[in-house]
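*Asks:*
In our numbering, the protein residues as written are 275 to 1220.
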C-alpha cells in the first residue's frame, strides 16, 4: 500500500472508529516526526494497530509530506519496491533551486511524474525498470531525492517481508538519513528472519538522528469498552464489553471487526448483541494469518497445536503429548516448532497455549469431526487420571462429545465442586446449563435450582439466574420448602437490585415454616427494605421477628446472614449499635459463606456511611473491597468501586473523575443499580461546571425511583438546578416528593443535599412554615442517630432560616455547618456554605462578605466548579470586592483563554447563550463576544461544535 498527503489522515475502512488508548505512544511518535532527521521503529503483532497509530500521528503533522509504502510476501519482489511505490504515488515537490546530481536520472523510468525535473544523464544511460538497473546508483538517487523534498515522512510497513535490496536501502537511509527525512518502519518481531534484526543487521541511531522505538501491546479491557461505546453505544457496550475483550484479548483488529459486524446486525434489525457475537466466527484476517502459519508446520507440530486447541486452556507438554498421541521427542519438536511460529506461546513456565481465544478457535474450527471427537475422548481420559481431577474441564470435554447421559453426572459434580470452593462464576454457568437440560431428573433439578438461588445473590449481574429461577417457580412438582427457598433467593436479589416489593418474601416466610433458619433470613431481608418500601418502624419489627426465629437454630450461616442484615438496617437508620454489632461479627469463621456475610455487612456499612456523611466511609470501603475480592463477593467489589467515585466527588478529587466514572460504568451491567449510583457524579459535576441541560438528563434515572438515597440525591440535584435557573416554585414541586418520602419512611438520615435545597426553595416561595418544619423534623429525626451529614445540613438550614432576620445568628449556624462539612471531608459542600455566608453578610458587612466570597471563589476555582466560581465573581464584582489580577491580562492569541474554554465546554452540551450567561454569571453581550471568539479560533460553527 502506498499513498501521500500533507498533514491529513489517510482514509481507510475504519476511519469512523475512535482512536483509543496509545496516548503515550502517540505523543512519543508525533514528537519524533516533528524533527528531522529521525528514525522510528514500530513493533507489534498482526492486527495490533501499527498502521492506525501511524495514521493518527501523521494526521497531526502540519507541514511534512507523508509517503506510504509496504513490503509484501512476494516471491520475486522488485528492488526497492516499497520505497519506489511511495515516491511514485506521492505528490512530490522538488525545489526549483535544488541541484540534483546526474545520478538521480536513474529514477526517471520509475517516477514519470517528476522525470522532467530530474537531470539528464549526459552519457545517455538509463536504468532498466525490468532488470532493476544499477542497485548502488539507484540507492544513491533515492537518498539524494529524499534530501531535496523538504520535510518528508517515509513510512515502510511490514518490514518482516522486506527483500534484501530494499533492506539495504533502508539501512542506508537509517544510518545516514537526509536532514529532513523522518523514516518510520513497522514490523512483526515474530516474523523476522532468524537473526531477529529488523534491518538485517544490528542498528543504533547515529549521533544527531532523533527517533524512538515503540512496541504496541493489546488494548486493556477498558480500552476495548471505550472502542465499543463509540461504535455501538454505551448500553450495548456495557452488555458486550466483557465478551468483546474475551474474544479479542485486546487485539484491535479483532475487536474492530467484531464491533463493525455487531453494529451492522443491530442496525438492520433488533438483535441480541451477545447472540450475534456467539454466532460470529473468527475474523477473516485473523483466520488467514493463523492458517498461513499452521499450514507450513510439520505434522507433529500440527498435532500439538490441535491438541492445545481442544484443551482450550494452557497445558503442560506431557498433556499435549498425550492428546496428540506423540512420543516425548516428537512432542518436544512439535511444540518448539509451534512456539517458533508464534502459533502457541508459553503462558507461564512449562505451560503452553494460544495467546487469545479466537486464535484457538481458528484452529479448533478446522479440525475435522472424527479427530476432534478422538481428541476430546483423550482429554477426558487424561484429565480423569489427574489428582484431584479437574471436574469442570472433564464435564466440558464430555459435553463436546454430545453424550448427555455421561455429561449430567459430571456436570453436577463439577457444579458442586465449584460451589464448595466459592467459584460462583463457574458454578453459575454450569447450573444454568443443567437447568436448561430437559432430561435432568426432578430431584437433580431441585438440587440445582436451590444451589443457583443460594449463590446468585453474590453475583454482580444475576439477570440470567433470575430469569431461570422465576421460570422454575412455575413448576408445580417442586416441594413447598424448595419453592420457599427459591423465592427467598429471588427476594434477596430484589432487595439488592430494587426490582420488586416484599410480597414474594412474605410468601416465602410462610413456605419456609419448616425451616426456621431460612424463614429468619427472609424476615431479615424484608426488614432491610427500609431503603425502598418498608417504613422504619415496620422494618425494626420484622427484624425482631427474625432474631426471635433464628435464635433456636444452630446454622452459623443463617445467624451470620441475619446479623449482616441487622447491621445493614441499623446502619441505614444511623443507629450507633450497627458499629458495635459489626465488631462482634464472627469474622474469623473458616466458613466461606459466613465470611461473605461479613463482607456484605462491611460493604453495606460503607455504603450507608457515605449517605449519612460518616467520615469513616473511605476507610471502611478500603477494608470492604479487600475482603470482597478475597471471598469472591462480586457485588461487593462493584459497590465499593461505585462508592469510591462518589467519595472522590465529595472530597474534591475531581481531576479525571468523569472519565473514571465512564470507565466504571462500562464494566458494570445496566441492571446493577450501583452503576447509576456511580454515574450520579456526572450530573453533580455538570451542575458545578454550568452544564445544566446535561445534568438534568443525568438525573433522569434516579428520579424514577420511589425512595432511597439515589432518589433523594436525584431530586435534590434537579431542585438545585431549578433554583439556579430562577424557578423556585418548580424547585419546590420537584423536592416535595423527597420530603414526603422521608416523612413516610420515618428516615431522615440520608439528606444527600436535599434539606438545604428544600428549605431555600420553600423560603423563595414564601412558605416559611414549611421550611421551618423541614428543618425541625430533620433535626428531631436524627436525634441520637449517627448522621453527621444531616446535622451539617440542619445547621445550614438554620443559617438560611435566620439570614433575613438575624444575620449574626445565621453566620454562626453557617460556620457550624462549614466546620461539620470540613470534619467529614465534604469539600464542595463546605465551599457552598462559605458562599452562603458571604451572601448573608453582603448587606451588612461588605468587607467581611468579600473575604468569605473570595474564599469560596478560591475553593471553587481549585475544584474546577466553573459555574459556582462565576457566581461568586459576579457577587464580588457587584459589591466592588473583586480581587484584582496583579499579573495583568494574558494574551492567548489563537488559543482559547480559560473563560473561552469554559464557554466551549458549555457549547458542546448544546447550551444556548442564555444558558451560558446564567451558568457563568455573565451578561448576554459578554457571552456573545466569547462565543464568537470560540467559534473563530476553532474554525467551526455552532451546529458543528454541539
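Beta carbons are placed, not taken as given, at the ideal position from N, Cα and C, and that holds for glycine.
Quick one: which unbroken beta strand (DSSP E) runs of 3-plus residues sit fully inside the segment 458-492? Chain order, please.
*Replies:* Within the segment 458-492, the complete beta strand (DSSP E) runs of at least 3 residues are 484-489.
*Asks:* On a CA-only basis, which of 1057, 967, 1032, 1088 is nearest residue 993? Give me that one, please.
*Replies:* The residue labelled residue 993 in the question sits at position 719 within the chain shown. Out of 1057, 967, 1032, 1088, 1032 has the C-alpha closest to the C-alpha of residue 993.
*Asks:* Which word fits residue 365, buried or exposed, when buried means at least 16 other C-beta atoms lie within 10 angstroms of its C-beta?
*Replies:* Here residue 365 refers to the residue found at position 91 of the chain shown. Exposed, because fewer than 16 other Cβ atoms sit within 10 Å of the Cβ of residue 365.
*Asks:* Pick helix, strand or coil for residue 1150, following the three-state DSSP scheme.
*Replies:* As a first step, residue 1150 must be located in the chain shown, where it is residue number 876. Helix at residue 1150.
*Asks:* Does the separation of the CB atoms of residue 1041 and residue 1006 fall below 9 Å?
*Replies:* As a first step, residue 1041 must be located in the chain shown, where it is residue number 767. As a first step, residue 1006 must be located in the chain shown, where it is residue number 732. A contact, by the Cβ cut-off of 9 Å.
*Asks:* Restricting to Cα atoms, I'd like to know which of 1101, 826, 757, 948 is closest to residue 922.
*Replies:* Along the chain shown, one-based indexing puts residue 922 at 648. Closest option to residue 922, Cα to Cα, is 1101.
*Asks:* For residue 616, which residues in the same chain have their Cβ closer than 6 Å to its Cβ, ignoring the five residues on either side in sequence?
*Replies:* Reading the chain shown from its first residue, position 342 is the one you call residue 616. These residues qualify, in order along the chain: 464.
*Asks:* Any contact between the segment 842-859 and the segment 870-889? By contact I mean 3 or more CB pairs, one from each, below 8 Å.
*Replies:* Enough Cβ pairs lie closer than 8 Å, so yes.
*Asks:* Per DSSP, which residues does residue 907 bridge with? Please list them.
*Replies:* Position 633 of the chain shown, counted from the first residue, corresponds to residue 907. Paired residue(s): none; residue 907 is not in a bridge.
*Asks:* Which partner residues does residue 822 have in the DSSP bridge list?
*Replies:* As a first step, residue 822 must be located in the chain shown, where it is residue number 548. Bridge partners of residue 822: none, in fact.
*Asks:* I'd like to confirm the pairing. Which residues does DSSP put opposite residue 620 in its beta bridges?
*Replies:* Translated into the one-based positions of the chain shown, residue 620 becomes position 346. Note: residue 620 sits in a beta bridge opposite 626.
*Asks:* How many angstroms separate the CA atom of residue 1149 from the CA atom of residue 1061?
*Replies:* As a position in the chain shown, residue 1149 is number 875, starting the count at 1. As a position in the chain shown, residue 1061 is number 787, starting the count at 1. About 33 Å.
*Asks:* Here's a check: name, in chain order, each residue in its chain whose Cβ is nearer than 6 Å to the Cβ of residue 1037, leaving out the five neighbours to either side.
*Replies:* For the purposes of this step, residue 1037 is taken as residue 763 along the chain shown, with counting starting at 1. Within the same chain, residue 1037 has close Cβ partners 1045.
*Asks:* Do residue 846 and residue 867 have their C-beta atoms closer together than 9 Å?
*Replies:* Here residue 846 corresponds to residue number 572 of the chain shown, with the count starting at 1. Here residue 867 corresponds to residue number 593 of the chain shown, with the count starting at 1. No, the Cβ-Cβ distance between residue 846 and residue 867 is not below 9 Å.
*Asks:* Following the continuous alpha helix (DSSP H) through residue 313, name the residue where it begins and the one where it ends.
*Replies:* Within the chain shown, the letter at position 39 stands for residue 313. Careful: residue 313 lies outside any alpha helix (DSSP H), inside the beta strand (DSSP E) at 312-317.
*Asks:* Could you tell me whether the Cβ atoms of residue 1155 and residue 1120 are closer together than 9 Å?
*Replies:* Here the question's residue 1155 lines up with position 881 in the chain shown. Here the question's residue 1120 lines up with position 846 in the chain shown. Yes, the pair counts as a contact, with Cβ atoms nearer than the cut-off.
*Asks:* Extract the residue ranges of the alpha helix (DSSP H) inside the segment 582-618, only unbroken runs of 4 or more that lie entirely within it.
*Replies:* Entirely contained in the segment 582-618, the alpha helix (DSSP H) runs reaching 4 residues are, in chain order, 591-598, 602-614.
*Asks:* Out of curiosity, what's the CA-to-CA distance linking residue 1147 and residue 504?
*Replies:* By 1-based counting over the chain shown, the position of residue 1147 is 873. By 1-based counting over the chain shown, the position of residue 504 is 230. Near 38 Å, if we compare the C-alpha coordinates of residue 504 and residue 1147.
*Asks:* Per the DSSP calculation, residue 344 is bridged to which residue(s)?
*Replies:* Walking along the chain shown from the start, residue 344 turns up at place 70. According to DSSP, which records beta bridges pairwise, residue 344 is partnered with 431.
*Asks:* Can you tell which of 1115, 429, 639 has the C-alpha that lies nearest to the C-alpha of residue 341?
*Replies:* Position 67 of the chain shown holds residue 341. Looking at the Cα atoms, 429 is the closest of the given residues.
*Asks:* Relative to the C-alpha of residue 220, which candidate in 431, 694, 912 has its C-alpha closest?
*Replies:* With the chain covering only 275 through 1220, there is no way to say anything about residue 220.
*Asks:* Using the Cα positions of residue 1096 and residue 477, report the straight-line distance between them to the nearest angstrom.
*Replies:* By 1-based counting over the chain shown, the position of residue 1096 is 822. By 1-based counting over the chain shown, the position of residue 477 is 203. Between residue 1096 and residue 477, the C-alpha separation is close to 60 Å.
*Asks:* Tell me which same chain residues have a C-beta within less than 8 Å of the C-beta of residue 883, skipping the five on either side of it?
*Replies:* Taking the chain shown and counting its residues from 1, one reaches residue 883 at position 609. So the qualifying residues of the chain are 845, 890, 891, 894.
*Asks:* Pick helix, strand or coil for residue 728, following the three-state DSSP scheme.
*Replies:* In the chain shown, counting from the first residue as 1, residue 728 sits at position 454. The answer is helix: DSSP assigns residue 728 an H, G or I state.
*Asks:* Please classify residue 642: is it buried, with 16 or more other beta-carbons within 10 angstroms of its beta-carbon, or exposed?
*Replies:* Position 368 of the chain shown, counted from the first residue, corresponds to residue 642. So residue 642 ends up on the exposed side.
*Asks:* Do residue 1091 and residue 1067 have their C-beta atoms within less than 9 Å of each other?
*Replies:* Translated into positions along the chain shown, residue 1091 becomes position 817. Translated into positions along the chain shown, residue 1067 becomes position 793. It is a contact, given that the beta carbons lie within the stated cut-off.
*Asks:* Please state the DSSP three-state secondary structure of residue 455.
*Replies:* As a working mapping, residue 455 is identified with position 181 in the chain shown. Strand at residue 455.
*Asks:* If you check the beta carbons only, do residue 250 and residue 935 fall under 9 Å apart?
*Replies:* Nothing can be reported for residue 250, as the shown portion of the chain is limited to 275 through 1220.
*Asks:* Buried or exposed: which applies to residue 695, given that a residue is buried once 16 or more other Cβ atoms fall within 10 Å of its Cβ?
*Replies:* Locating residue 695 in the chain shown gives position 421, where the first residue counts as 1. It is exposed - the Cβ of residue 695 has fewer than 16 other Cβ atoms within 10 Å.
*Asks:* Is it the case that the Cβ atoms of residue 783 and residue 760 are separated by a distance below 9 Å?
*Replies:* The residue you call residue 783 lines up with position 509 of the chain shown. The residue you call residue 760 lines up with position 486 of the chain shown. No, the Cβ-Cβ distance between residue 783 and residue 760 is not below 9 Å.
*Asks:* For residue 356, does the count of other Cβ atoms within 10 angstroms reach 16, so buried, or fall short, so exposed?
*Replies:* Position 82 of the chain shown, counted from the start, is the residue given in the question as residue 356. Buried is the call here.
*Asks:* Would you call the CB atoms of residue 412 and residue 443 closer than 9 Å?
*Replies:* Reading the chain shown from its first residue, position 138 is the one you call residue 412. Reading the chain shown from its first residue, position 169 is the one you call residue 443. For residue 412 and residue 443, yes; Cβs fall inside 9 Å.
*Asks:* Taking DSSP as the reference, what is the three-state secondary structure of residue 672?
*Replies:* Locating residue 672 in the chain shown gives position 398, where the first residue counts as 1. Note: residue 672 maps to helix in three-state DSSP.
*Asks:* For residue 1207 and residue 1136, what's the separation of their Cα atoms in angstroms?
*Replies:* By one-based count along the chain shown, residue 1207 stands at place 933. By one-based count along the chain shown, residue 1136 stands at place 862. Between residue 1207 and residue 1136, the C-alpha separation is close to 25 Å.
*Asks:* In whole angstroms, what is the alpha-carbon distance linking residue 789 and residue 863?
*Replies:* Start at 1 with the first residue of the chain shown, and residue 789 comes out as number 515. Start at 1 with the first residue of the chain shown, and residue 863 comes out as number 589. Approximately 23 Å between the Cα atoms of the pair.
*Asks:* Which of the three DSSP states is assigned to residue 294 in this structure?
*Replies:* Mapped onto the chain shown, residue 294 falls at position 20. Residue 294 falls in the coil class under three-state DSSP.
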